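Step one of this worksheet: look at the structure below.
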Amino acid sequence: MQLHEIWKEIIESHEGYWNYIPRGPLFNYNLGTSNGAAWVAGYHDARAVLLHDVDIALEFGMDSNIWQEREPAKPEWAPFADREVFFVWCDIMYRGSLVDRVELASVDGGRATLPFPEKRDGEWIVMDRPYHLARVIDDIQGGREFEEYFERSGIRKWPA
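Using our numbering, read the sequence shown as starting at 43 and increasing by one per residue.
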């Protein structure tokens, strides 16, 4: 299977296509070392496995800023009741191997997951794949207002 085929499966899916595993160890850790001792620096909170092709899985929730000491961001594209945004990785797995990684944003106190945008020519944009991945992750986690949050953010999907 090629990467574009994996992405096609993800983009065309929704909550009912996935077996969501929200708790327990996932065994893929971000490890660090200090004075010869290993320690867990980060880990994903959840995993979802595609029901009709269990070779495809998503692991998500690991803090993407684990090595940086900084306050939670309050970007202009997050005009929600809870302004703090936490950035997380979503790892796309195939047969247990990491094949792609996308940074997502947990917004409004974890009420929604949005794609992490970039600023181009004065506007916040996001490409098609991260947009759809964020929609799927939000759906898997029980979110029902992705489009509303995306619209309120002012982020534009490109290409439209």
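Beta carbons are placed, not taken as given, at the ideal position from N, Cα and C, and that holds for glycine.
Quick caveat, the model's predicted, so the values are computed rather than measured.
Legend entry - Own chain residues within Cβ distance below 8 Å of leucine 146, not counting five before or after: Cβ contact annotation for leucine 146 (same chain, cutoff 8 Å, sequence separation greater than five): Phe102, Phe129, Val130, Trp131, Cys132, Thr155, Leu156, Pro157, Phe158, Pro172, Leu175, Ala176 and Ile179, in chain order.
Inset, instruction - Would you mind listing the beta strand (DSSP E) stretches within the region 92-152 that are 3+ residues and don't spill past its ends, in chain order? - result: List check, beta strand (DSSP E) in window: 98-105, 128-136 and 139-149.
Inset, instruction - Rounded to whole angstroms, what's the CA-CA distance from isoleucine 53 to lysine 116? Just pull it up for me. - result: Straight-line spacing of the CA atoms in isoleucine 53 and lysine 116 works out to 28 Å.
Inset, instruction - Let me know the secondary structure DSSP gives isoleucine 197 once reduced to three states. - result: Three-state DSSP puts isoleucine 197 in coil, outside helix and strand.
Inset, instruction - Could you work out which residue in Asp181, Glu190 and Arg194 is closest to tryptophan 166 when comparing CA atoms only? - result: Distances from the alpha-carbon of tryptophan 166 to those of Asp181, Glu190 and Arg194 put Arg194 closest.
Inset, instruction - Compute the distance between the beta-carbons of glycine 185 and tryptophan 119, then report whether it is under 7 Å. - result: Their beta carbons are not under 7 Å apart, which means glycine 185 does not touch tryptophan 119 by this criterion.
Legend entry - Own chain residues within Cβ distance below 8 Å of valine 141, not counting five before or after: In its chain, beyond the 5 residues on either side, Leu45, Ile48, Ile134 and Met135 have a beta carbon closer than 8 Å to the beta carbon of valine 141.
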